[in-house]
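Asks:
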Amino acid sequence: MSKSGEFCPRCGDDVPERPEPLPGEPRDRDAALCDACYFEQFDLVDAPDRIEVLVCSRCGAVHRGNRWVDVGAKDYTDVAVDEVAEALGVHLKAEQVQWGVDPEQVDQNTIRMHCTFSGIVRGTPVEEQVVVPVKVSRGTCERCGRISGGSYAGEVQVRAEERVPTSDERERAIEIANEMVREREADGDREAFVTEAKEVKDGADIKLSTNKLGRALSKRLVEEFGGEFEEYATLVTEDSDGNEVYRVTFSVRLPRYRPGEIIDPEDGDGPVLVTSVRGNLKGTRLASGERYEARFGEGDAPDARRLGERADAVETTVVAVEDDHAVQVLDPETFETVSIPRPDFFDTDAEQVRVLKSRSGLHMVPEDDAA
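Take the sequence shown: its letter number 169 is residue 168 in numbering that gives the first Met the number 0, and every next letter is one higher.
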């Protein structure tokens, strides 16, 4: 006689006493079955007969439900494993479940997944094997379709005040655009992309998927390089609901001068090494080593003559220290001894200094960490 006094409704064998469900928890109808009858109809795994996967051939995104999901698929076997893991269901009564998969490449587009599952059910170890064929199809996601079709909403045009942006500035602007897109992609934003980015004769033109991205890029460029930007909207079409759709041009204007340039404001105090153009123009006086700062007016900079760049400076020999205001050095072109101003950044123990010869004379130039 069974301890529970109950019998299996299917075969009539004794059924051991089972714990009562918690209050509010539904009673398991299969709990009345003995182990033999229970496992006779038990399936550890619920698996589909076949799985079809659509993968973007350009970016590796996978189509799931009604949307594309970025997974960066390059090895379609990994995609097949992920899709099988999503599709398979394991019985809720199973504990300590473990599983493994052995992919079999049938042909270029089909992978047969041999899956082995094990677990504990009613205190009994159980194991089940299933085979799920996965067919991989290739297509083009909406995002890549828009990119290949040249679709864009905003264009950032990088220019400079009374000069042409350097190749470094143009390259960096494009690099920042790509960095911003990668940041948004990492956050799951599939609407952010660069349609086209190219260097042009007078700067750089960057076409972007959204106006929001164009505005963010313009702000980032001004933060890094200084300057300002303006935006101009142009009506291009109407959407299916009759709403006007605008394409926005963001005109980024970099400052007239760049960090590292040496200019002469012609205010009587000598040349200035520009150290920053974000906010106001800031620099170091080469004659004295004093700090220099000038306010920008209407996005422009004070009038000044360009004398060269820090990179143009060359090393020369220190001959003698005359006094607190002058140093004797060799002219790097004539090798004659000349007297030049002694700035605060001059190291009295230095045997060599860097100097720039220009229309304003010969001036000492600080090292990178001394400006």
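Think of the CB as a built atom: it goes at the ideal place given N, C-alpha and C, for glycine as much as any other residue. Since this is a predicted model, take the numbers as computed values, not measurements.
Does DSSP classify S275 as helix, strand or coil?
Replies: In the structure shown, S275 sits in a strand (DSSP, three-state: E or B).
Asks: Of all the options I262, E127 and F41, which has the alpha carbon lying nearest to the alpha carbon of H113?
Replies: Closest by alpha carbon: E127.
Asks: In the DSSP assignment, find the alpha helix (DSSP H) that holds G122 and state where it starts and stops.
Replies: Counting along the chain, G122 falls outside any alpha helix (DSSP H), and DSSP gives it neither H nor E.
Asks: Can you list, in chain order, the residues of its chain with a C-beta nearer than 7 Å to that of E168? Leave out the 5 residues immediately preceding and following it.
Replies: Answer for E168: F224 and L253, listed in chain order.
Asks: Just to confirm my understanding: we take A31, look at its own chain, exclude 5 residues before and 5 after, and list those with CB closer than 6 Å. What are they?
Replies: Answer for A31: P8, listed in chain order.
Asks: Consult DSSP for E297 and reduce its assignment to one of helix, strand or coil.
Replies: Only weak support is given to the placement of E297: the predicted model assigns it a pLDDT of 47, under 50, and the question is left unresolved by the model.
Asks: Using only alpha-carbon positions, find the residue among V193, A303, V235 and Q156 that is nearest to V221.
Replies: Selected option, being the one with the closest Cα: Q156.
Asks: Taking just the CA atoms, how far does E178 sit from V52?
Replies: Straight-line Cα distance between these residues: approximately 30 Å.
Asks: Since V68 is in the beta strand (DSSP E), which residue starts that stretch and which ends it?
Replies: Counting along the chain, the beta strand (DSSP E) containing V68 begins and ends at R66 to V68.
Asks: Looking at G148 and G213, is the spacing between their C-beta atoms short of 9 Å?
Replies: Contact: no.
Asks: On the three-state DSSP scale, how would you describe A349?
Replies: Residue state, collapsed to three classes: coil.
Asks: If you reduce the DSSP assignment to three classes, tell me which class R158 lands in.
Replies: Note: R158 maps to strand in three-state DSSP.
Asks: Our contact map puts V273 next to E260 with C-beta atoms below 8 Å; I'd like the distance itself, whole angstroms only.
Replies: Rounded, the Cβ-Cβ distance is 5 Å, consistent with contact.
Asks: Helix, strand or coil for L91 per DSSP?
Replies: Three-state result, L91: coil.
Asks: Check for me: the alpha helix (DSSP H) holding V39 runs from which residue to which?
Replies: Here residue 39 turns out to be Glu, not Val, going by the sequence shown. Per DSSP, E39 belongs to the alpha helix (DSSP H) from D34 to E39.
Asks: Beta-carbon within less than 6 Å of P365's beta-carbon, same chain only, minus the 5 sequence neighbours each way: which residues are those?
Replies: Here the set comprises F344.
Asks: Measuring alpha carbon to alpha carbon, tell me which of V320, A293 and I262 ends up nearest D311.
Replies: Closest by alpha carbon: I262.
Asks: Excluding the 5 residues flanking Y256 on each side, which residues of the same chain have their C-beta closer than 7 Å to its C-beta?
Replies: Cβ within range, chain order: I262, V273, V276, L280 and A300.
Asks: Can you name the start and end residues of the beta strand (DSSP E) that S208 belongs to?
Replies: From DSSP, S208 is part of no beta strand (DSSP E); its letter is neither H nor E.
Asks: Looking only at its chain, what residues have a beta carbon closer than 8 Å to the beta carbon of L306, apart from the 5 residues adjacent to it on each side?
Replies: Excluding positions up to five away in sequence, the list reads I261, I262, D263, P270, L355, S357, R358 and S359.
Asks: Grouping DSSP H, G and I as helix and E and B as strand, with all else coil, what is C55?
Replies: Reduced to three states, the DSSP call for C55 is strand.
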